[in-house]
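Residue numbers (our numbering), protein chains in the order written: chain A, 1 to 539; chain B, 1001 to 1393.
All C-beta atoms, glycine included, are put in the ideal place defined by N, C-alpha and C.
Small disclaimer: the values here were computed from a predicted structure and weren't measured.
Below: the structure, in structure tokens.
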Amino acid sequence: MAIRLLRLIAFLIAALAFAVPHAAAQTPDIPALVDALGQGSFPEREAAINALVATGDERVPPILQALADGNLYLRKSDAKVVLAAKAGSGFALTNPLDGADLGPAAKAEIDKIKVNNGLRGKIRTAIGQMTLLSPDRTTRLSAAQTILKNADPAMRDLLDKALAAETDPQIKSVMELARAVIVLKTDTTIEDKRAAITTIISHGDRDAQTVLSSALADAPDELKPLIADGLATIARNLQLWDIAQNLVYGTSLASVLLLAAIGLAITFGVMGVINMAHGEMVMLGAYVTFVVQNLIATYAPGLAEYAMAISIPSAFLFTALVGVGIERGVIRWLYGRPLETLLATWGISLILQQAVRSIFGANNRLVAPPSWMTGAFELGGLTITWNRLWIVVFAIIVFAALQLVLNRTPLGLQMRAVTQNRRMASAMGIRTPFVDAMTFGLGSGVAGLAGVALSQIDNVSPNLGQGYIIDSFMVVVFGGVGNLWGTLIGAVSLGMANKFLEPYAGAVLAKIIILVLIILFIQRRPRGLFALKGRAVEQ
Amino acid sequence: MITQLVLRALDRRAVWVVSALLLVALAIPFANLVLPEGHPLHLPNYAVPLFGKYLTYAMLALALDLVWGYCGILSLGHAAFFALGGYAMGMYLMRQIGARGVYANPVLPDFMVFLNYKELPWFWNGFDQFWFAALMIVLVPAALAFVFGFLAFRSRVTGVYLSIITQAMTYALLLAFFRNDLGFGGNNGLTDFKDILGFNVQATTTRAALFAASAIALAFAVLVCTAIVNSKLGKVMIAIRDAESRTRFLGYRVDNIKLFAFVVSAVIAGIAGALYVPQVGIINPGEFDPGNSIEVVIWTAVGGRGTIIGPIIGGLLVNAGKSVFTGLWPDYWLYALGGLFVFVTLFMPKGIVGSLRSLFSRRKPPRQDNSEPLETGAKDIPIIAEPQPGAAE
């Protein structure tokens, strides 16, 4: 038995010993080729460069770039080619292939590997060739963007070649733009240049704008009006895209505000109760998401993709239960005293915050987004992130569901009755305490749903709710409590106004302006946009 | 007219409160400065500004009580007036630093040098004079309260809506004062004070004097509030609190009366803030935090709103409790404060003083109660409006 094992080990060692040189023989010996760069005269160096290019290895372009930039040195002690960067009085050496640290060296210990202009041109072309024709998409894209930035006329032929082979539309468009810019720089016919300018204008993005405005100065006179026209067109386009982008941001903010405020609007509308603990309900919803995610990771990792689907009902139920508990325990003793309810719920919010801080700690907790909520996509000149888009969709669904509950269910009917005239509703046999508890539960549950959404875009911390409570109040006060449409309009107008003011005033000043505007607006309509109509005098 | 006012202010309770405060104004500095270190009644140096801070908080609570307890306006932004008064004082103290700052600029405070200001912003002019700063301590909160109150009361913004927009006001100020380019030191606020009226703010004697000043200012505020509350105007204020529409229908100018109370209250809060700043040594935008204003409400509620002495007791007790609690069990202070909010609103809506008083008056024969005609007005009408299920509409 033991002998067999020994034999097996011996065999394995032998196999390894043979396998290593064998594997090295299959791929070209890149370290040796790199070291060859340091030897001989310029023609020999050129041959070494060509040999390196021929390997097609992705590590080669950065090395060549370092050579062209004069950062490649020869270590005299062992004739190795190293990458050197100035560090103090000496140099810090690294291996050009894997970036491994090779320790410091004095100036006398190394020799710079010299290149002349001819060689530099060769290197540039070689790098362009390797990267522009690389099979890797990101390498090609960044190569095309580098060429666009430098606009080196020598790259034109290579660019044409790459353009013919390119299939990816995004890279192709960058390459076309780069080619047009190069054409503008070289001595060609007016007609060619005109075509190039048209190409640039048709791109119409910020790159095109910079390219054209720098070309305007030294363009031939007969082309100047064309360029000026093009610049105007691009500016107009960009302005439109800016407005569209602000609309997207505004919609996103509006959806967050709507989610945070709509639960508040329900409790405030039906019960006249200002629930200062509303923000903490949002926070609890976010923590439920966090807990659900962790439970799933521990006990059922297979369900990770469905964590969101489990979090939503759990958060709703949990916060709704907490809400009913608060209503039964505290708020029902305070009806008709809205200002005192405000104080009591503020006290509850402090307790909830501290409780969460004691249980989960004061640090931010991470809720990992599901894969379908990560990343972004481009739509014309817009960048839209998936999580923001899903939150907008979620807000719309919640809003629609609440409308259904309020307008199509018996509970909703009773809620509306109590909102309009509590005593009359009670006289008609509606159990107002039950409606109150359900309303508070519903409002809190919706806050919990908001928490699930906010856990995707904000830090899950005990202070999460406080950041939203004043904004939610503003939405409710602005929209009025007559119906949910008021809240929707309030959220959309505040979100949009905020995002459209931001580019001019900055985020903080925009918020201040909005607050002042709301204070002024309340003077005009003390009960918000959609006030309940009635003949009752308050008190 | 004035003597009449003063006489009315000196009702029996107010006299007690004022004399107690004046006694404290003498006793605390005495215990700190005169009594030797080993003496059992000696007060350590750190305690004097701490107690002074409590007194300014009590004054802020009294200011809130004037509008909330007597006029039914629940302001959730009273800390804003407090902070504005504090900033006016802070600006004076900053100008007193002169060339002793880190950057040794004779005119510009350190933060302005740091932020590359070339000259003093126009609104900092005059703050090198104490009389000007004192004027601003009164005028700035008063002006804000006047404009805000004029707009809000004229358009009959009441109840919860008013509370929320006062909160929006202090939140907007919080955001504004956080900005560096507003010229008030941004995030860090104003600090590193050296002198007040030529005396070193750190010196024990100055601190004792500041404490005495706080006590005297509070006593003065008690007199003013008592005079207002006991006047005919005060009766109308209580009427507004209990039935605003009815008072309006009776022909009183509800808006003007509320505005008056609001402005007076803002001035008291501003003076409290101005006394607060030299004793704690810093004023920063955190003072505008909406949470602070809500805390003031709970001081008032704990002590007993609708009474003069209640908010003072509440302000002192809750803050002393906070100091003790955060020292011993820092993690549980928020539980205690939150529990206090819930407990007081549920079980002690009249606060400590109100509860004691109703306990007291139930035991005593009614004749003695009638011997205080000035208080009956407040007593006949319940301190909180009766629960009205329709109030939400």
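- Less than 8 Å separates the beta-carbon of Val1263(B) from that of Ala1142(B).
- Ile430(A) sits in coil when the DSSP states are folded into three classes, being neither helix nor strand.
- Counting the other Cβ atoms within 10 Å of the Cβ of Met424(A) gives fewer than 16, which makes it exposed.
- Minimum Cα-Cα distance from Gly465(A) among the listed residues Leu366(A), Ala344(A), Val282(A), Pro526(A) corresponds to Val282(A).
- When C-beta distances to chain A are compared with 7 Å, the residues of the region 1156–1169 of chain B below that value are Arg1156, Val1157, Thr1158, Gly1159, Val1160, Tyr1161, Ser1163, Ile1164, Ile1165, Gln1167, Ala1168, Met1169, in chain order.
- Under the three-state reduction of DSSP output, Phe91(A) falls in the strand class.
- Here Leu520(A) is not near Ile489(A), since their CB atoms are 8 Å or more apart.
- For a cut-off of 8 Å, the C-beta gap from Ile227(A) to Leu216(A) is around 5 Å, short enough to register as a contact.
- Along the region 1278–1311 of chain B, going in chain order, the ones with a CB nearer than 7 Å to a CB of chain A are Pro1290, Ile1294, Val1297, Ile1298, Ala1301.
- Proximity of chain B to Lys511(A) at the Cβ level (cut-off 7 Å) is accounted for by Leu1175, in chain order.
- In this structure, the CA atom of Leu74(A) is about 29 Å from the CA atom of Ser134(A).
- Inter-segment contact for the region 1293–1307 of chain B and the region 1086–1099 of chain B is absent: fewer than three beta-carbon pairs are separated by less than 8 Å.
- Under the Cβ distance rule, Phe473(A) counts among the residues neighbouring chain B, one pair being separated by less than 8 Å.
- Taking every protein chain shown into account, the CB of Met428(A) has fewer than 16 other CB atoms within 10 angstroms, so this residue is exposed.
- Around the beta carbon of Phe1030(B), fewer than 16 other beta carbons sit within 10 angstroms, so the residue counts as exposed.
- Excluding residues up to 5 positions away in sequence, Thr94 lie with their Cβ nearer than 7 Å to the Cβ of Ala100(A) in the same chain.
- The region 1186–1202 of chain B and the region 1271–1284 of chain B touch, with no fewer than 3 CB-CB distances between them shorter than 8 Å.
- Counted as a single uninterrupted DSSP element, the beta strand (DSSP E) harbouring Gly103(A) occupies residues 101–105.
- Against chain B, the CB of Gly347(A) has a partner CB under 8 Å away; the residue lies at that interface.
- Under the three-state reduction of DSSP output, Ala1061(B) falls in the helix class.
- Under the 8 Å criterion on CB atoms, Asp1331(B) is classed as interfacial with respect to chain A.
- What Val34(A) touches in chain B, judged by beta-carbon distance under 7 Å, is nothing: the nearest beta carbon there is about 50 Å away.
- Ile200(A) and Asp192(A) have their C-alpha atoms roughly 12 Å apart.
- Ser252(A) and Ile469(A) have their C-alpha atoms some 18 Å from each other.
- Under a 10 Å Cβ-count criterion, His1039(B) is classified as exposed, with fewer than 16 other Cβ atoms of the shown protein chains found around its own Cβ.
- Per DSSP, the unbroken beta strand (DSSP E) holding Phe377(A) starts and ends at 376–379.
- A direct Cα-Cα distance of roughly 13 Å separates Phe1111(B) from Arg1179(B).
- Against Val508(A), the close residues of chain B are Leu1175, Ala1176, Phe1178, Arg1179, in the order they occur along the chain (beta-carbon pairs closer than 9 Å).
- Contact with chain A is found for Tyr1171(B), since one of that chain's Cβ atoms lies less than 8 Å from the residue's Cβ.
- Linking Phe1114(B) to Ile1196(B) through their CA atoms gives a straight-line distance of about 24 Å.
- Beta-bridge annotation (DSSP): Phe1199(B) is paired with Ile1196(B).
- Note: Ala228(A) is not bridge-paired with any residue in the DSSP secondary-structure output.
- Rounded to whole angstroms, Met474(A) and Phe440(A) show a C-alpha spacing of 20 Å.
- Within chain B, no C-beta atom comes nearer than 8 Å to that of Val322(A); the closest sits roughly 14 Å away.
- Thr1247(B) does not reach chain A, its nearest Cβ partner there being about 10 Å away, counting only Cβ pairs nearer than 8 Å.
- Taking 8 Å as the threshold, the shortest C-beta distance from Pro1121(B) to chain A does not fall below it.
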